[in-house]
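Inspection log for the structure reproduced underneath, given as structure tokens.
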Amino acid sequence: MPYRLKVDLEGRLLRFPLAAGTHQIGASPSCSVRIPHSSVSRRHAEIVVGEGGARLRDTGSTNGTSVGFAKITGEVALEPGARCAFGSVEAWLEEIPAGDLEAGIDLGLPETPPRPEAPPRAAATTARLTKLEAFALQQLPALVERLVDAAPEESLQLVGGALCHSLPAERVEIVRRRGEAEGVLFAGGGEGGEASGAAAPALLAMAITADMTLRLAFSDPAAAETYEPLARTSAALLRLAMGRAAPPAPPAPPARRAATPPPLPDPPTVVPALRRLYEKAWRVADGNVSVLIRGESGTGKEILARYVHAASPRAEARLVALNCAALPRDLLESELFGVEKGAATGVSARPGKFELAHESTLFLDEIGDMALETQAKILRVLQEHEVYRLGGNEPRPADVRVLAATNRDLETMLDEGSFRRDLYHRIADWVVELPPLRRRKADIPNLAAWFLSRECREKGHYVAGVSRAAVDALLRYAWPGNVRELEKEMARAVLFLEDGALLETEHLRPEIVAAHGDSVDEGLKEILEDYERRVIARALSDAGGDTVQAADDLKIARSTLYRRLKALGIEP
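For the sequence shown, counting from 1, position 409 maps to 404 in my numbering; every step adds exactly one.
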């Protein structure tokens, strides 16, 4: 097993792999183990690694070399885990798996990139630039094209809606002043959500006409500075629209989407079956059918829901989402249906999610966790396309497309009567199931590299990649928390990495390193399916891809093979 010398250089941990042979230790740049410290001589000591282990000897240093706490005078054996010191610099030898010295995932980053000198806010600014690029490449061309023929009043809504959809602003407003009075022509919240109240927001005000102003509020002053050019351009577009007479508006054609699917959402997948699933989702998005997304927690159900909304004719409106399992029944119903003023003491009127999602999409996560009484009320809203606020008597429009998700077994709940069958048929026009991460292992190295790279960018770190032994450990682990667990593991591991180092097995949680592959935590069904998948894949390979020959070899009917190929997500 290879060795590695760990050196504690004033709180910074240096790691030096030691292959078989002699390794010079010292402060000189020519040393293979370089320790730049005033107490370390230029050529301080040597470590010799051979079949019998590692041996250490001092080479005439000024401040001496010690093992344990005793200085050495000749050559001594150095056992793994033993403390040694070169001058006042402490170090210790460790054995490591051979795979931790090789890169299983090479991130291809430079060895010595410049460290950011900006304050922590710089990482957020980088992320904003990505949103600016997306706005410039995807939304702005379509927006300008629509503004050419839009009436002035419609232009206000188009530009205001685009800013709400693209900017991390707390508030976007277009106001007109008439004397001392001020009227709001457009108002909406941006991607930044509601202000926390911790600090006064940073405000941008751009004049459109003599009496009309575009105003934006940001909780982060750096965001206001980043987006000021976009706000100025938006005001200029509106100035052009306000300065011309609107042509007669032709009948509005039905909303259409792009002829090709949009890019797959991040993090990307390399599994063919999952890529085909997203292609089907793009086709389903063009209609108005309801979608039920099934799968374990952490498999990416909300990501798929957002993809369907973004690919639909309702994409210009904002997706409204609610986790049905996070609230007790009374609070859930007030969130769904809204509350009328006076419904209870001290309660103010506010709209519910159905009302907010009018002419848009409502994503109901964990829909299987709601009470039967709430299910009945949701069914009525979907049938009537209108909603009554709690304590209210007036219906409000609710033309909503519902995307629902659950990790519950709804078929069993239907048989038990704990989920309404009529509601099920209302929300399940297209049912899709996302596979758990343990059944899409080809994605694990890909996702690990993506999450690791993102965390490094956000924290201003750089790493060389992931060692082969660490990749093997990630592949053996069952990932009961699925993609979300892998994401959190990479976020945790990067905190313990030195710049330029590989992520190794020692940086992973012990239960990940100790996993042995087919874990009993997967359940018998998953283990059998994984075995069946391997057997069928081997038969197809032996038959050169000939499904007729593979079916004969497996002694099953061709129709059975085709059915299992589809169920197991195997490319024929």
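Glycine included, every Cβ here is placed at the ideal spot set by N, Cα and C.
Next on the checklist: Using the Cβ count rule (16 or more neighbours within 10 Å means buried), how would you classify PRO258?
Outcome noted: Along the sequence shown, read from residue 1 onward, the residue named residue 258 stands at position 263. It counts as exposed.
Next on the checklist: In the DSSP output, which residue or residues are listed as bridge partners for SER462?
Outcome noted: Within the sequence shown, the letter at position 467 stands for residue 462. Looking at the DSSP assignment, SER462 forms a beta bridge with ALA98.
Checklist entry - What does a CB cutoff of less than 8 Å around VAL71 pick up in its chain, not counting 5 residues either side in sequence? => result For the purposes of this step, residue 71 is taken as the residue at position 76 of the sequence shown. The residues are ARG50, LEU51, ARG52, VAL62.
Checklist entry - In whole angstroms, what is the alpha-carbon distance linking ALA197 and LEU225? => result Translated into positions along the sequence shown, residue 197 becomes position 202. Translated into positions along the sequence shown, residue 225 becomes position 230. Roughly 15 Å separates the two Cα atoms.
Checklist entry - Name the DSSP bridge partner or partners of SER61? => result Taking the first residue of the sequence shown as 1, we reach residue 61 at position 66. LYS66, ALA80, per the DSSP bridge assignment.
Item to check | C-beta atoms of ALA86 and ALA93 nearer than 8 Å | outcome: Reading the sequence shown from its first residue, position 91 is the one you call residue 86. Reading the sequence shown from its first residue, position 98 is the one you call residue 93. By the CB criterion at 8 Å, ALA86 and ALA93 fall outside the cutoff.
Next on the checklist: Excluding the 5 residues flanking GLU501 on each side, which residues of the same chain have their C-beta closer than 7 Å to its C-beta?
Outcome noted: As a position in the sequence shown, residue 501 is number 506, starting the count at 1. Nothing listed; no residue qualifies.
Item to check | Own chain, CB closer than 7 Å to GLY178, minus 5 neighbours either side, in chain order | outcome: On the sequence shown, residue 178 is found 183 positions in, with the first residue counted as 1. So the list reads VAL170, ARG171, once near-sequence residues are dropped.
Next on the checklist: Please tell me whether VAL458 and ALA496 are closer than 8 Å, where the distance is taken between their beta carbons.
Outcome noted: As a working note, residue 458 is residue 463 in the sequence shown. As a working note, residue 496 is residue 501 in the sequence shown. It is a contact, given that the beta carbons lie within the stated cut-off.
Checklist entry - Under three-state DSSP, which class holds ASP53? => result Looking up residue 53 in the sequence shown gives position 58. Strand.
Item to check | Buried or exposed (CB count within 10 angstroms, at least 16 for buried), GLY99 | outcome: To locate residue 99, count along the sequence shown from 1; it is residue 104. Buried, because 16 or more other Cβ atoms sit within 10 Å of the Cβ of GLY99.
Item to check | LYS372 to ALA316 span [Cα, whole Å] | outcome: Here the question's residue 372 lines up with position 377 in the sequence shown. Here the question's residue 316 lines up with position 321 in the sequence shown. The alpha-carbon atoms of LYS372 and ALA316 are separated by roughly 18 Å.
Checklist entry - Less than 8 Å separating the beta-carbons of ALA200 and ARG210? => result Translated into the one-based positions of the sequence shown, residue 200 becomes position 205. Translated into the one-based positions of the sequence shown, residue 210 becomes position 215. Yes; because the gap between Cβ atoms is below 8 Å, this pair is in contact.
Next on the checklist: Quick check: the region 377 to 384 against the region 336 to 351, are at least 3 beta-carbon pairs closer than 8 Å?
Outcome noted: yes
Item to check | Spatial distance of LEU560 from HIS420 (CA atoms) | outcome: One-based indexing of the sequence shown puts residue 560 at position 565. One-based indexing of the sequence shown puts residue 420 at position 425. Going from the Cα of LEU560 to the Cα of HIS420 covers about 28 Å.
Checklist entry - Who are the near neighbours of ALA119 in its chain, counting only those whose CB is closer than 6 Å to its CB and skipping five residues on each side? => result Against the sequence shown, residue 119 aligns to sequence position 124. Confidence at ALA119 is low in this model, with a pLDDT of 39, below 50, so the placement of that residue should be treated as unreliable; the coordinate-derived value is given next. If we look at ALA119 and ignore the five residues flanking it on each side, it has no Cβ neighbours.
Next on the checklist: Between which residues of its own chain and ARG78 is the CB-CB distance below 7 Å, once the five residues before and five after are set aside?
Outcome noted: The count along the sequence shown starts at 1 and reaches residue 78 at position 83. The residues are GLY63, GLU85, TRP87.
Checklist entry - Taking the C-alpha atoms as reference points, what is the distance between ILE288 and ILE20? => result The sequence position of residue 288 within the sequence shown is 293, counting from 1. The sequence position of residue 20 within the sequence shown is 25, counting from 1. Roughly 59 Å separates the two Cα atoms.
Checklist entry - Which value, in whole angstroms, describes the spacing of the CA atoms of ALA393 and VAL266? => result Working through the sequence shown from its first residue, we reach residue 393 at position 398. Working through the sequence shown from its first residue, we reach residue 266 at position 271. The alpha-carbon atoms of ALA393 and VAL266 are separated by roughly 38 Å.
Next on the checklist: Here's the rule: buried if 16 or more other CB atoms are within 10 angstroms of the residue's CB, otherwise exposed. What is SER229?
Outcome noted: Start at 1 with the first residue of the sequence shown, and residue 229 comes out as number 234. Per the 10 Å Cβ criterion, buried.
Checklist entry - What's the gap between the Cα of ASN477 and the Cα of GLU361? => result In the sequence shown, residue 477 corresponds to position 482, counting from 1. In the sequence shown, residue 361 corresponds to position 366, counting from 1. Roughly 16 Å separates the two Cα atoms.
Item to check | Whole-number beta carbon distance between ALA306 and PRO256, since they are thought to touch under 8 Å | outcome: Here residue 256 is taken as the residue at index 261 of the sequence shown, counted from 1. Here residue 306 is taken as the residue at index 311 of the sequence shown, counted from 1. The Cβ separation is near 7 Å, so the contact holds.
Next on the checklist: Given this structure, state the Cα-to-Cα distance separating ASN441 from VAL334, to the nearest angstrom.
Outcome noted: Translated into the one-based positions of the sequence shown, residue 441 becomes position 446. Translated into the one-based positions of the sequence shown, residue 334 becomes position 339. For ASN441 and VAL334, the distance between alpha carbons rounds to 46 Å.
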